[in-house]
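**Student:** This is the structure, below, for whatever I ask next.
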DNA sequence: GACAATGATGACAAGGTTGTCTTTTTTTGC
DNA sequence: GCAAAAAAAGACAACCTTGTCATCATTGTC
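Protein chains in written order, with the numbering used here: chain A, 26 to 370; chain B, 26 to 370.
Here it is in structure tokens:
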């Protein structure tokens, strides 16, 4: 493996100059810079993370805390972050973190001491903890929030537009001819749940001209069993909806099960749409129309922001709120409403 | 943060001696060893990973390759490994790895060069790739296999006993009074599928006295839709089974759905058991009786082996095949067979 | 044309650990 | 009780990078 010394020899400069070029310091002639860059790529040189960390006391890795292993959201994001870091030539260091425990602060400090990370990505629900923010600020760690419930001044964030996605998938159902649509909402404490519900209601209002018309909302709270009950209630009601939009793919799967119990076929008798783009959406049958969370885009944006944060570093951090575009994935779970239930426009 | 120098001063010895104690080298008097250990814990000293890596050119982290992000198995194991490493005071460095791509070897070498890991954990399906083994051996990387299809001499492995677990959960169904039991098997290429099917058939044979009696096996191949079809076929057959044991929790969920469509209630009309202990098993309703893969135990055992491999290192590696005990989780998806379908003992 | 100011580059130390070699202490054998 | 051998402990360099300070070259000013 070539070292900085090899590069310096090859470029005919001192090692310090190579260091300057690597770190984008000023005061290097562009001609020299070019020579050094050339030598670096010729030798396929990669700086030693260990040596850098030793000198500066900081790791170049990006830190990420991870609380709930069973959460599909966190593991998907984890994977996307690994990919994004890898693509950007950086590393991801994940730490297990239980924010509900008393000693969370010690746990966090141990993580920071051991890994020496100087920049982090905060995911829900940790990204909303004020105490966590304070702790990181105190130790001078830069961070980016992913899908926070509320923005924080001076801190960049990355998120998808939940409200708009919910509106769009509802519009898809409306376009198919559905006029009476149920929504199984997530847990009201999650910011995303509220946004999705609002997007749904907005679309219904735009279609009917009046808020609430044709919309049936119940709280599934991201809980399979509860969603199962809610869906059963909806589907046995007098004027049952012809489509159900669930705020998560799991709850959509529960809706499938409720439909199955009642002898209703998806999508012939009842259309179902989900949200998340979870693996289960592809797995279950018929495959589920859903909103794919742009995990990859979110992760790339987060890494990108952290990459740009470093160089400036003179206090003037450019804060941004990044909205990553999502995708509606049309699969086989939505069709036209059954003829006898179609309402006049 | 205290350094090795602080420890040496506190213990009244040279830094080299502290280093010797840390690395469990011979030639240190037990009295001295004690003093140093005391000083280390008094100061809450942690060696700097960066400095160590710089000196030795090797990272102390444990490497792990990760291919399929949507695989619940891999993400569960990933989490368990993080936990186990954290408990053992080590780090986990994961790399994304696509063994189907042509340039997998370059990808692997880049991973090794960049991370400098000297010991790794190989998970299915990578752990069965002979080429991968050769590549690691060539670069002198120690590794442990997790649930390999076949053992490799000179390499330790960790696994659960799939056959026995399948036998046990089948026995549970037999004890409840079921005599005609269906099995939806996994993909025949997976070693685990074959073991689970064998365990099932063994239990059925032990109960009935003849191989195959009362057993209905079909191949679900770990595919939701296929499992749905298989379950439907089983449940509409003339002499339908009163219980179905699926080789994965997902396929068990498909069985729930098939039952729902046919108007059968779980567990009143049909008992269902799964395998894996996936999050979905807790989520769906009724909650699923299943075999919990001992992810935590497997990860701990793997880390443990790697911890012990290092010190010896004098060629004589103690190879072991480690079987980690599993747990059958009894939930609410299995009951007695419906009265009219019970057969005489 | 001499001097200062600025820009570009280099020499060297430091950071925490371990390998090599050396020195000191203890044990063994007579 | 002494020499030799073995065990225990230490001194010092090396690993690769970056910060500090010094040096050299160029430009601008009077």
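Note that beta-carbon positions come from the ideal geometry of N, C-alpha and C, so glycine has one too.
Please read all numbers here as calculations on a predicted model, not as lab measurements.
Would you decide whether residue 175(B) is buried or exposed? Buried here means 16 or more other CB atoms lie within 10 Å of its CB.
**Tutor:** For this step, residue 175(B) is matched to residue 150 along the second chain. Residue 175(B) comes out exposed.
**Student:** According to DSSP, residue 17(A) sits in a beta bridge with which residue or residues?
**Tutor:** As shown, chain A starts at 26 and ends at 370. That puts residue 17(A) outside it, with no answer to give.
**Student:** Near residue 362(A), which residues of its chain fall below 6 Å by C-beta distance, leaving aside the five closest residues on each side in sequence?
**Tutor:** In the first chain, residue 362(A) corresponds to position 337, counting from 1. Only 202, 203 and 267 meet the Cβ criterion.
**Student:** Just by C-beta distance, which residues in the segment 243-270 of chain B are closer than 7 Å to chain A?
**Tutor:** 249, 250 and 253
**Student:** So, is residue 340(B) buried or exposed, given that buried needs 16 or more other C-beta atoms within 10 angstroms?
**Tutor:** Locating residue 340(B) in the second chain gives position 315, where the first residue counts as 1. Unreliable placement is indicated for residue 340(B), whose pLDDT of 46 sits below 50; the coordinate value is still reported in the next sentence. Exposed.
**Student:** Is the segment 317-330 of chain A touching the segment 46-66 of chain B in the sense that three or more CB pairs, one from each, lie closer than 8 Å?
**Tutor:** As far as the Cβ criterion goes, the segment 46-66 of chain B does not touch the segment 317-330 of chain A, which means the pair count is below three.
**Student:** Would residue 287(A) and residue 356(A) be called neighbours here (beta carbons separated by less than 8 Å)?
**Tutor:** What you label residue 287(A) is simply residue 262 of the first chain in a count that begins at 1. What you label residue 356(A) is simply residue 331 of the first chain in a count that begins at 1. Result no, Cβ atoms of residue 287(A) and residue 356(A) do not sit closer than 8 Å.
**Student:** Looking at C-alpha atoms only, which residue of 146(B), 272(B), 206(B) and 143(B) is the closest neighbour of residue 191(B)?
**Tutor:** Residue 191(B) sits at position 166 when you count from the first residue of the second chain. Minimum Cα distance to residue 191(B) is reached at 272(B).
**Student:** Using DSSP with H/G/I as helix, E/B as strand and the rest coil, what is residue 240(A)?
**Tutor:** Here residue 240(A) is taken as the residue at index 215 of the first chain, counted from 1. Residue 240(A): strand per DSSP, three-state reduction.
**Student:** Residues of chain B with CB closer than 9 Å to the CB of residue 138(A), please, in chain order.
**Tutor:** Sequence index remark: in the first chain, residue 138(A) carries index 113 (1-based). Those within 9 Å of residue 138(A) in chain B are 26 and 71.
**Student:** Taking C-beta to C-beta, are residue 182(B) and residue 352(B) nearer than 8 Å?
**Tutor:** Residue 182(B) sits at position 157 when you count from the first residue of the second chain. Residue 352(B) sits at position 327 when you count from the first residue of the second chain. Contact flag unset, no.
**Student:** For residue 216(B) and residue 149(B), what's the separation of their Cα atoms in angstroms?
**Tutor:** As a first step, residue 216(B) must be located in the second chain, where it is residue number 191. As a first step, residue 149(B) must be located in the second chain, where it is residue number 124. Rounded to the nearest angstrom, the two C-alpha atoms are 10 Å apart.
**Student:** Between the Cα of residue 360(B) and those of 90(B), 293(B) and 110(B), spot the shortest distance and give me the residue it belongs to.
**Tutor:** Translated into positions along the second chain, residue 360(B) becomes position 335. Nearest of 90(B), 293(B) and 110(B) to residue 360(B), Cα basis: 293(B).
**Student:** If we count the other Cβ atoms within 10 Å of its Cβ and call it buried at 16 or more, is residue 365(B) buried or exposed?
**Tutor:** For the purposes of this step, residue 365(B) is taken as the residue at position 340 of the second chain. Residue 365(B) should be labelled exposed.
**Student:** Grab me the residues of residue 338(A)'s own chain with a C-beta within less than 7 Å of its C-beta, minus the 5 sequence neighbours each way, in chain order.
**Tutor:** The residue labelled residue 338(A) in the question sits at position 313 within the first chain. Here the model assigns residue 338(A) a pLDDT of 44, short of 50, so the residue's position is not dependable, and the following value carries that caveat. None.
**Student:** Measuring only between beta-carbons, confirm whether residue 358(B) sits less than 8 Å from chain A.
**Tutor:** Counting from 1 along the second chain, the entry for residue 358(B) is found at position 333. Answer no: the Cβ-Cβ gap between residue 358(B) and chain A never drops below 8 Å.
**Student:** So does the segment 104-124 of chain B actually touch the segment 97-111 of chain A, counting three or more Cβ pairs closer than 8 Å?
**Tutor:** yes
**Student:** For residue 117(A), which residues from the same chain have a beta carbon less than 7 Å from its beta carbon, with the 5 sequence-adjacent residues on both sides left out?
**Tutor:** Taking the first chain and counting its residues from 1, one reaches residue 117(A) at position 92. So the qualifying residues of the chain are 86, 87, 89, 106, 107 and 110.
**Student:** Can you tell me where the beta strand (DSSP E) with residue 143(B) in it begins and where it stops?
**Tutor:** As a first step, residue 143(B) must be located in the second chain, where it is residue number 118. Note, residue 143(B): beta strand (DSSP E), 142-147.
**Student:** Under the DSSP definition of a beta bridge, which residues are partnered with residue 207(A)?
**Tutor:** If you number the first chain from 1, residue 207(A) lands on position 182. Answer is 241(A) and 269(A).
**Student:** Tell me whether the beta-carbon of residue 274(A) lies closer than 8 Å to the beta-carbon of residue 234(A).
**Tutor:** Looking up residue 274(A) in the first chain gives position 249. Looking up residue 234(A) in the first chain gives position 209. No.
**Student:** Under three-state DSSP, which class holds residue 298(A)?
**Tutor:** Here residue 298(A) refers to the residue found at position 273 of the first chain. It is a strand residue.
**Student:** Note the first and the last residue of the continuous alpha helix (DSSP H) segment covering residue 223(A).
**Tutor:** Position 198 of the first chain, counted from the first residue, corresponds to residue 223(A). Where residue 223(A) is concerned, the enclosing alpha helix (DSSP H) stretches over 216-233.
**Student:** Cβ closer than 8 Å: which chain A residues qualify as neighbours of residue 111(B)?
**Tutor:** Within the second chain, residue 111(B) is the residue found at index 86, counting from 1. Under the 8 Å cutoff, chain A gives 120 and 121.
**Student:** Suppose you measure from the CA of residue 198(A) to the CA of residue 279(A); what does that come to, to the nearest Å?
**Tutor:** Here the question's residue 198(A) lines up with position 173 in the first chain. Here the question's residue 279(A) lines up with position 254 in the first chain. About 19 Å.
**Student:** With a CB to CB cut of under 6 Å and the five nearest residues on each side skipped, what residues in its chain are close to residue 297(A)?
**Tutor:** Here residue 297(A) corresponds to residue number 272 of the first chain, with the count starting at 1. Only 269, 277, 280, 291 and 358 meet the Cβ criterion.
**Student:** I'd like to know if the segment 127-136 of chain A and the segment 301-310 of chain A are in contact, where contact means that at least 3 CB-CB pairs between them fall below 8 Å.
**Tutor:** No, the segment 127-136 of chain A is not in contact with the segment 301-310 of chain A.
**Student:** Output yes or no for whether 8 Å exceeds the beta carbon distance between residue 156(A) and residue 209(A).
**Tutor:** The count along the first chain starts at 1 and reaches residue 156(A) at position 131. The count along the first chain starts at 1 and reaches residue 209(A) at position 184. Not in contact: residue 156(A) and residue 209(A) (Cβ atoms no closer than 8 Å).
**Student:** Taking C-alpha atoms, which residue in 187(A), 260(A) and 247(A) lies nearest to residue 318(A)?
**Tutor:** Along the first chain, one-based indexing puts residue 318(A) at 293. For residue 318(A), the nearest C-alpha among the options comes from 187(A).
**Student:** Would you please verify whether the beta carbon of residue 288(A) is less than 8 Å from any beta carbon of chain B?
**Tutor:** For the purposes of this step, residue 288(A) is taken as residue 263 along the first chain, with counting starting at 1. Yes, contact with chain B.
**Student:** Is the Cβ of residue 211(B) closer than 8 Å to any Cβ of chain A?
**Tutor:** Here residue 211(B) corresponds to residue number 186 of the second chain, with the count starting at 1. False, the Cβ-Cβ gap to chain A never drops below 8 Å.
**Student:** Any residues in the segment 296-315 of chain A with a beta carbon nearer than 7 Å to a beta carbon of chain B? Which ones, in chain order?
**Tutor:** 304, 308, 309 and 310
**Student:** Is residue 41(A) buried or exposed, if buried means 16 or more other CB atoms sit within 10 Å of its CB?
**Tutor:** Taking the first chain and counting its residues from 1, the one referred to as residue 41(A) is at position 16. Exposed, by the Cβ-count rule.
**Student:** Residue 108(A) CB to nearest chain B CB: under 8 Å?
**Tutor:** The residue given as residue 108(A) occupies position 83 in the first chain. Judged by the 8 Å Cβ criterion, residue 108(A) is in contact with chain B.
**Student:** Take the Cβ of residue 65(B) as the centre, count every other Cβ of all protein chains shown within 10 Å, and call the residue buried at 16 or more, exposed below.
**Tutor:** The sequence position of residue 65(B) within the second chain is 40, counting from 1. So residue 65(B) counts as buried.
**Student:** With 8 Å set as the bound, which would you pick, yes or no: does the beta-carbon of residue 281(A) sit closer than that to a beta-carbon of chain B?
**Tutor:** Counting from 1 along the first chain, the entry for residue 281(A) is found at position 256. Cβ-Cβ to chain B under 8 Å: yes for residue 281(A).
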